[in-house]
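Accompanying notes for the structure given below.
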Amino acid sequence: MRKKDGHVHTPFCPHGSADSFEMYIGKALKMGLEELTFTEHAPLPADFSDPVPDSDSAMNMRLLNDYISQLLKVKEKYSNDIKINLGFEIDYIEGFEHETESFLSEYGQYIDDAVLSVHFLKLNGQYYCADFHESTFLQMMEAAGGLKSLHIKYYETMLAAVKSNLGPHKPKRLGHLTLINKFQKRFPADFNIKDMQHDLLHAVKEQNMELDFNVAGLRKDLCGAIYLDPWMISEAKKQNIPLIYGSDAHSAKDVGAHYSLFEEALL
Numbered sequence: 001m002r003k004k005d006g007h008v009h010t011p012f013c014p015h016g017s018a019d020s021f022e023m024y025i026g027k028a029l030k031m032g033l034e035e036l037t038f039t040e041h042a043p044l045p046a047d048f049s050d051p052v053p054d055s056d057s058a059m060n061m062r063l064l065n066d067y068i069s070q071l072l073k074v075k076e077k078y079s080n081d082i083k084i085n086l087g088f089e090i091d092y093i094e095g096f097e098h099e100t101e102s103f104l105s106e107y108g109q110y111i112d113d114a115v116l117s118v119h120f121l122k123l124n125g126q127y128y129c130a131d132f133h134e135s136t137f138l139q140m141m142e143a144a145g146g147l148k149s150l151h152i153k154y155y156e157t158m159l160a161a162v163k164s165n166l167g168p169h170k171p172k173r174l175g176h177l178t179l180i181n182k183f184q185k186r187f188p189a190d191f192n193i194k195d196m197q198h199d200l201l202h203a204v205k206e207q208n209m210e211l212d213f214n215v216a217g218l219r220k221d222l223c224g225a226i227y228l229d230p231w232m233i234s235e236a237k238k239q240n241i242p243l244i245y246g247s248d249a250h251s252a253k254d255v256g257a258h259y260s261l262f263e264e265a266l267l
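For the sequence shown, counting from 1, position 231 maps to 231 in UniProt numbering; every step adds exactly one.
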């Protein structure tokens with residue numbers, strides 16, 4: 001298997017670092033990676049109001065062409081050293097499926113590889129960013145009617161993302177499946193919704209999608225775990241759902257982090 005990091009951000013991320021493409025690639029080469037997918041947060045739909053205070057969840061639309069042109073140059077420059085994929089992390093946002101499909105239809109010709117993620121949840125007509133801050137998470141719990149109801153809403157939205165018709169350029173990989181656990185040390189789940197999670201994995205298999213083996217949760221103080229439960233990894237292997245390592249690096253130093261955990265999980 002080719003040694004790959006399939007979820008990496010860039011200097012175009014407004015909430016990330018200013019590390020250059022070259023810095024990310026340099027770290028990838030140092031880690032012995034053979035393939036790297038840059039998955040910047042794609043611009044959000046024009047009519048969607050980013051709910052985070054600084055409106056910095058995703059790349060600005062004005063920078064999109066520059067992102068593409070710079071990555072095309074980087075791909076060519078390093079073509080003899082490492083396979084570079086031009087990609088995006090596409091947000092599935094309930095109610096904005098048409099806008100997302102339109103974006104993919106227009107820019108899909110440039111996409112080599114991509115991730116489909118859920119960061120935003122619609123609760124009582126209002127959108128919240130699920131992984132922004134523990135105070136926001138508490139507001140979401142109140143809006144949902146409790147922690148279990150919030151988890152149910154999250155997995156319902158994830159299932160809708162997997163089943164959504166976003167056209168031929170729909171991303172083939174589902175991002176950080178258990179992102180809702182980001183603050184689990186503060187808000188531990190004392191309930192079992194494995195039936196829903198099994199349904200989600202079954203849908204991933206039916207749609208011929210992959211799973212993001214996302215290690216970013218290990219860097220989060222209130223999470224301390226990868227964004228896949230151990231039983232989910234076992235189930236994915238049993239169902240032959242491809243697992244793709246993703247550092248979710250927002251700075252070059254995190255490229256390839258904890259890769260050995262991924263190798264162990266595949267055994």
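Heads up, the beta-carbon is just placed ideally off N, CA and C, and yes, glycines get one too.
Remember, predicted model here, so these are calculated numbers, not experimental data.
Whose C-beta lies closer than 6 Å to the C-beta of residue 179 among residues of the same chain, with five residues either side of it excluded?
-> Within the same chain, 131 and 227 come within 6 Å of residue 179 by CB-CB distance, once the 5 residues on both sides are set aside.
Could you please give the first and the last residue of the uninterrupted beta strand (DSSP E) stretch that includes residue 120?
-> 120-123
Is residue 32 helix, strand or coil by DSSP?
-> coil
Once you ignore the five residues that flank residue 83 on each side, which residues in its own chain have a CB closer than 6 Å to its CB?
-> 35
Exposure of residue 264, with buried meaning 16 or more beta-carbon neighbours within 10 Å = exposed
What residues in its chain sit with their C-beta under 6 Å from that of residue 127, if we drop five residues either side in the sequence?
-> Short of 6 Å from the beta carbon of residue 127, and not among the five residues preceding or following it, lie these beta carbons of its own chain, in chain order: 51 and 120.
Alpha-carbon to alpha-carbon, residue 225 and residue 218 | 5 Å
Sequence-distant residues of its chain with Cβ nearer than 6 Å to residue 16 (five each side left out) = Residues of the same chain with a CB within less than 6 Å of the CB of residue 16, apart from the 5 flanking positions on each side, are 9 and 250 in chain order.
Cα separation between residue 206 and residue 117?
-> Straight through space, the alpha carbons of residue 117 and residue 206 are spaced by roughly 18 Å.
Under three-state DSSP, which class holds residue 181?
-> helix
Closest residue to residue 187 among 137, 214, 208 and 77 (Cα-Cα distance) = 137
Quick one: Cα of residue 199 to Cα of residue 77, how far?
-> 43 Å
Taking Cβ to Cβ, would you say residue 213 is nearer than 8 Å to residue 246?
-> yes
Relative to the C-alpha of residue 281, which residue among 233, 47, 4 and 70 is closest?
-> Any question about residue 281 goes unanswered here, given that the chain covers just 1 to 267.
DSSP state of residue 204, grouped into three classes?
-> helix
Sequence-distant residues of its chain with Cβ nearer than 6 Å to residue 147 (five each side left out) = If the five residues before and after residue 147 are omitted, its C-beta is found closer than 6 Å to the C-beta atoms of 141 and 187, all from its own chain and listed in chain order.
Run of the alpha helix (DSSP H) containing residue 210, from where it starts to where it stops = It is not in any alpha helix (DSSP H) - residue 210 instead sits in the beta strand (DSSP E) that spans 210-214.
How big is the Cα-Cα spacing for residue 72 and residue 159?
-> 33 Å
Per-residue DSSP class, three states only, for residue 157 = helix
Consult DSSP for residue 251 and reduce its assignment to one of helix, strand or coil.
-> Coil at residue 251, not helix or strand.
With respect to the alpha helix (DSSP H) encompassing residue 239, which residues constitute its N-terminal and C-terminal limits?
-> Per DSSP, residue 239 belongs to no alpha helix (DSSP H) and is neither H nor E.
Should residue 106 be labelled buried (16 or more other beta-carbon atoms within 10 Å of its own) or exposed?
-> When all chains shown are included, residue 106 counts as exposed.
In chain order, what residues of the same chain have a beta carbon less than 6 Å from the beta carbon of residue 31, not counting five sequence neighbours either side?
-> 256
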